[in-house]
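So the structure is just underneath, and the comments pick up after that.
Protein chains: 2
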Amino acid sequence: MVSRQSENPTLQDIAAAAGVSTATVSRVLNQPASVSEKLRVRVEAEVVKLGYVRHGAARALASSRAYTVGAVIPTLESAIFATGVNAIESRLDAEGLTLLLAVTNYDRTHEFRQVRNLLEHGVDGIILVGSDHDEKVFDLLEQQGCPFVNTWTHDEASRHPCVGFDNVTAASRITEYLIGLGHIRIGMIAGIQAGNDRARDRVAGVRQALNRAGLDLAPIDLVERPYELAAGRDGFIRLLGRPPQNRPTAIVCGNDVLALAAMIEAGGMGVQVPEDISITGFDDLPFCEHLPPGLTTVHVPSRQMGTFAAEYILDRIAGRPSAMRVELPTQLMIRGTAAAPRR
Amino acid sequence: MVSRQSENPTLQDIAAAAGVSTATVSRVLNQPASVSEKLRVRVEAEVVKLGYVRHGAARALASSRAYTVGAVIPTLESAIFATGVNAIESRLDAEGLTLLLAVTNYDRTHEFRQVRNLLEHGVDGIILVGSDHDEKVFDLLEQQGCPFVNTWTHDEASRHPCVGFDNVTAASRITEYLIGLGHIRIGMIAGIQAGNDRARDRVAGVRQALNRAGLDLAPIDLVERPYELAAGRDGFIRLLGRPPQNRPTAIVCGNDVLALAAMIEAGGMGVQVPEDISITGFDDLPFCEHLPPGLTTVHVPSRQMGTFAAEYILDRIAGRPSAMRVELPTQLMIRGTAAAPRR
DNA sequence: TTGTATGCGTTATCAT
DNA sequence: ATGATAACGCATACAA
Numbered sequence: 000m001v002s003r004q005s006e007n008p009t010l011q012d013i014a015a016a017a018g019v020s021t022a023t024v025s026r027v028l029n030q031p032a033s034v035s036e037k038l039r040v041r042v043e044a045e046v047v048k049l050g051y052v053r054h055g056a057a058r059a060l061a062s063s064r065a066y067t068v069g070a071v072i073p074t075l076e077s078a079i080f081a082t083g084v085n086a087i088e089s090r091l092d093a094e095g096l097t098l099l100l101a102v103t104n105y106d107r108t109h110e111f112r113q114v115r116n117l118l119e120h121g122v123d124g125i126i127l128v129g130s131d132h133d134e135k136v137f138d139l140l141e142q143q144g145c146p147f148v149n150t151w152t153h154d155e156a157s158r159h160p161c162v163g164f165d166n167v168t169a170a171s172r173i174t175e176y177l178i179g180l181g182h183i184r185i186g187m188i189a190g191i192q193a194g195n196d197r198a199r200d201r202v203a204g205v206r207q208a209l210n211r212a213g214l215d216l217a218p219i220d221l222v223e224r225p226y227e228l229a230a231g232r233d234g235f236i237r238l239l240g241r242p243p244q245n246r247p248t249a250i251v252c253g254n255d256v257l258a259l260a261a262m263i264e265a266g267g268m269g270v271q272v273p274e275d276i277s278i279t280g281f282d283d284l285p286f287c288e289h290l291p292p293g294l295t296t297v298h299v300p301s302r303q304m305g306t307f308a309a310e311y312i313l314d315r316i317a318g319r320p321s322a323m324r325v326e327l328p329t330q331l332m333i334r335g336t337a338a339a340p341r342r
Numbered sequence: 000m001v002s003r004q005s006e007n008p009t010l011q012d013i014a015a016a017a018g019v020s021t022a023t024v025s026r027v028l029n030q031p032a033s034v035s036e037k038l039r040v041r042v043e044a045e046v047v048k049l050g051y052v053r054h055g056a057a058r059a060l061a062s063s064r065a066y067t068v069g070a071v072i073p074t075l076e077s078a079i080f081a082t083g084v085n086a087i088e089s090r091l092d093a094e095g096l097t098l099l100l101a102v103t104n105y106d107r108t109h110e111f112r113q114v115r116n117l118l119e120h121g122v123d124g125i126i127l128v129g130s131d132h133d134e135k136v137f138d139l140l141e142q143q144g145c146p147f148v149n150t151w152t153h154d155e156a157s158r159h160p161c162v163g164f165d166n167v168t169a170a171s172r173i174t175e176y177l178i179g180l181g182h183i184r185i186g187m188i189a190g191i192q193a194g195n196d197r198a199r200d201r202v203a204g205v206r207q208a209l210n211r212a213g214l215d216l217a218p219i220d221l222v223e224r225p226y227e228l229a230a231g232r233d234g235f236i237r238l239l240g241r242p243p244q245n246r247p248t249a250i251v252c253g254n255d256v257l258a259l260a261a262m263i264e265a266g267g268m269g270v271q272v273p274e275d276i277s278i279t280g281f282d283d284l285p286f287c288e289h290l291p292p293g294l295t296t297v298h299v300p301s302r303q304m305g306t307f308a309a310e311y312i313l314d315r316i317a318g319r320p321s322a323m324r325v326e327l328p329t330q331l332m333i334r335g336t337a338a339a340p341r342r
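Respectively, the protein sequence lines represent chains A and B. If you read the first sequence in numbering that gives the first Met the number 0, its first letter stands for residue 0, the second for the next number, and so on. If you read the second sequence in numbering that gives the first Met the number 0, its first letter stands for residue 0, the second for the next number, and so on.
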């Protein structure tokens with residue numbers, strides 16, 4: 000196919016039209032302050048007149064900066080990631096950078112290909128989700144000298160930069176809250192743990208809190224389901240479809256979608272929330288505070304995470320000092336779906 | 000800042016290491032069939048050995064193809080757009096193209112800047128949402144000869160390509176369904192119409208259906224709210240917080256989020272759905288079928304729209320023939336939130 | 001402050 | 001089938 004931009008004006012055309020050198024035009028575009036008022040005005044006029052549009056590839060080639068940042072996320076179908084990406088895009092956009100988006104569908108192999116692809120596009124930085132990546136991903140990133148940051152996680156032990164929160168601790172806290180309410184048998188509908196460190200950490204957090212209280216997470220009280228309503232409902236049935244004396248009195252869900260599914264299914268089963276069963280979520284999606292009786296959950300600062308991750312990359316690009324790890328606070332949102340067990 | 004890729008191997012390095020010309024290496028990478036088995040193997044070995052990563056900017060400059068497509072959407076916070084974008088990304092990814100994402104926040108001026116920015120990045124095509132764009136956007140796109148397509152809309156009258164559905168008709172159909180149920184006073188909680196042709200079309204569709212039945216959409220029965228739960232609840236209060244004999248018996252909502260808000264607020268007000276008030280949504284988000292009594296809504300083929308829009312661009316890029324307009328079917332999803340008025 | 005000239009890493013044309 | 005080489009459009013080091 001014929002070049003899209005071939006007939007369009009180039010720096011040279013502008014230079015010729017304005018009677019200056021290409022260097023001057025370039026300066027007007029990139030460092031206007033370094034050009035005399037007079038020439039600048041003249042050049043800018045030609046830019047508008049001829050409808051000049053920068054040629055990013057040429058610019059990138061000459062400056063070895065693409066003015067783009069890549070984000071590699073599991074999926075956009077999850078509202079919480081969509082929010083995070085939205086925040087990333089906003090922050091980058093404010094700085095004149097553009098976001099390249101790649102989705103992995105929770106597939107590590109695919110993730111490697113995506114990262115490589117973004118690198119080929121010359122992105123100035125890459126934002127990842129989670130810390131559980133193929134070692135080849137990190138190798139490639141480091142070999143290429145491309146700034147990157149893990150998000151949605153905060154791992155002191157990791158040697159890689161991250162901006163996020165501690166999923167283990169957050170899950171522990173909500174579990175402790177339930178324990179404090181008097182629950183001694185707590186079940187969990189977790190997300191799929193394979194290839195998802197956040198899901199694993201949340202299970203670990205629940206388990207640890209339970210163990211610290213001298214309780215445990217019985218295998219029979221733990222089910223693992225995709226983050227979808229139908230799957231969550233099924234998980235709930237699995238945990239609650241047993242004689243009352245053999246049921247947990249509280250269910251910690253791996254995220255709000257699973258929790259909503261549990262609430263819905265409880266309604267269908269005629270099980271009262273929170274009287275018969277306490278339910279908690281994770282993420283604090285918008286519906287949590289609105290859906291009666293209010294979903295008790297953990298607020299995850301997805302927007303802030305996106306903003307900070309973008310800023311980390313921006314700092315690295317600019318050569319500014321940047322914190323290697325930033326931990327953002329989560330917050331336990333106490334609402335109506337969790338209460339003391341009926342006894 | 001120092002070039003990221005500067006120390007990394009280039010085509011030349013591979014060529015030297017393999018004892019061939021850069022042309023051959025380029026061929027191995029792009030048209031492997033045109034190179035002899037022997038050389039190809041040797042080159043491929045060096046590519047792996049040296050950890051070669053393509054330099055996209057150079058490639059784009061030389062070939063005037065960036066292997067990227069841009070999408071400009073109002074926001075990712077809306078689940079329905081997130082789904083569409085996810086589909087676009089999948090389809091592009093399958094073809095080896097990468098998605099550049101730009102968000103407008105429903106701001107037309109910002110949209111122009113975003114399109115321009117994507118063009119500067121040399122995208123091979125652009126996917127827009129809706130048909131209501133600044134004329135300058137189309138001018139620019141056409142001047143640049145960049146393939147583009149409107150989505151989420153199907154407008155026979157428009158001279159621009161589109162893949163989507165007719166919002167007017169869809170909104171009419173759900174309204175007619177309510178009329179058929181016996182409702183004669185129908186209200187609406189619409190999205191913000193300014194700068195949003197989909198929102199406007201839905202209002203128009205409701206109004207037209209009503210008029211055709213000899214009814215009308217009284218100004219007092221129409222409220223306009225952002226697509227958010229809190230706003231939707233407020234809108235519902237506005238419509239229902241009146242003496243019973245002065246209320247609509249059915250509320251058409253501009254999307255599912257507003258409808259969910261209405262359902263929630265109805266519950267809070269002690270108004271029964273659908274006995275006291277019928278409620279309908281638009282989009283068919285996943286929760287619609289799960290949340291009792293099931294939200295009657297219009298199914299919007301967001302995934303398919305994303306896929307088709309991507310394919311339209313792919314066809315244009317490849318110089319293949321492509322349908323100028325494609326209309327996708329919507330479907331009325333009849334569930335429990337709408338019923339005959341109590342009378 | 002402005003201009004000149006080189007090089008960025010590919011692709012693609014033209015020979016061979 | 002393979003190689004040599006000229007663009008591609010811009011940024012920037014250096015010169016003026």
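Think of the CB as a built atom: it goes at the ideal place given N, C-alpha and C, for glycine as much as any other residue. Just so we're clear, the structure is a prediction, and the values are computed from it rather than from any experiment.
- In this structure residue 78 of chain A is buried. Its beta-carbon is surrounded by 16 or more other beta-carbon atoms within 10 angstroms.
- For residue 6 of chain B, the three-state secondary structure derived from DSSP is coil.
- For residue 100 of chain A and residue 88 of chain B, the gap between their C-alpha atoms comes out near 8 Å.
- If you check the CB distance, residue 189 of chain B and residue 198 of chain B come in under 7 Å.
- At a cut-off of 7 Å between C-beta atoms, residue 305 of chain A does not count as an interface residue with respect to chain B.
- Across the structure, residue 57 of chain B and residue 56 of chain A are spaced so that their CA atoms are roughly 7 Å apart.
- Between the alpha carbons of residue 319 of chain A and residue 154 of chain B lies a gap of roughly 49 Å.
- For residue 236 of chain A, same chain residues with a beta-carbon under 8 Å away, outside a window of 5 residues either side, are 264, 268 in chain order.
- The beta strand (DSSP E) runs of length 3 or more contained entirely in the stretch 79-137 of chain A are, from start to end of the chain, 97-102, 125-128.
- In chain order, 75, 100 make up the part of chain A whose C-beta sits under 8 Å from the C-beta of residue 84 of chain B.
- By alpha-carbon distance to residue 322 of chain A, the top candidate from A/271, A/313, A/170 is A/313.
- Per the Cβ contact rule, the stretch 140-156 of chain A is not in contact with the stretch 180-195 of chain A (fewer than 3 Cβ pairs under 8 Å).
- Here residue 303 of chain A has 86, 327 as same chain residues with Cβ atoms under 8 Å from its own Cβ, once five neighbours each way along the sequence are excluded.
- For residue 55 of chain A, the enclosing alpha helix (DSSP H) stretches over residues 55-62.
- In this structure, DSSP gives residue 281 of chain B a state outside helix and strand, which the three-state scheme calls coil.
- About 7 Å separates the beta carbon of residue 137 of chain A from that of residue 159 of chain A, a gap short enough to meet the 8 Å contact definition.
- Contact between the stretch 279-290 of chain A and the stretch 121-137 of chain A is not established, with fewer than three Cβ pairs separated by less than 8 Å.
- A distance below 7 Å separates the beta carbons of residue 164 of chain A and residue 329 of chain A.
- Proximity of the stretch 63-80 of chain B to the stretch 37-48 of chain B falls short of the contact definition, fewer than three beta-carbon pairs being nearer than 8 Å.
- Here the alpha carbon of residue 232 of chain A sits roughly 34 Å from the alpha carbon of residue 179 of chain B.
- Secondary structure note for residue 289 of chain B: its alpha helix (DSSP H) is the uninterrupted segment 286-289.
- For residue 276 of chain A, there is no enclosing beta strand (DSSP E), since its DSSP letter is neither H nor E.
- Of the residues B/6, B/91, B/63, the one whose Cα lies closest to the Cα of residue 52 of chain B is B/6.
- Residues of chain B with a Cβ closer than 7 Å to the Cβ of residue 57 of chain A are, in chain order, 60.
- Assigned with DSSP and collapsed to three states, residue 235 of chain B falls in helix.
- When Cβ-Cβ separations below 7 Å define contact, residue 285 of chain B makes contact with chain A.
- Identification of residues in the stretch 31-53 of chain B having a C-beta nearer than 7 Å to some C-beta of chain A yields 50, 52, 53, given in sequence order.
- The Cβ atoms of residue 170 of chain A and residue 222 of chain A lie no closer than 7 Å to each other.
- DSSP places residue 18 of chain B outside any alpha helix (DSSP H), giving it a letter other than H or E.
- In this structure, the alpha-carbon of residue 331 of chain B lies about 12 Å from that of residue 300 of chain B.
- Each residue's CA atom was taken as its position, placing residue 218 of chain A and residue 276 of chain A some 19 Å apart.
- Counted as a single uninterrupted DSSP element, the alpha helix (DSSP H) harbouring residue 262 of chain A occupies residues 255-268.
- For a Cβ distance threshold of 9 Å, residue set 263, 266, 267 of chain A lies close to residue 291 of chain B, ordered along the chain.
- Residue 104 of chain A sits exposed, since fewer than 16 C-beta atoms from the chains shown fall within 10 Å of its C-beta.
- The DSSP-derived three-state label of residue 172 of chain B is helix.
- The C-beta of residue 257 of chain A comes no closer than 7 Å to any C-beta of chain B.
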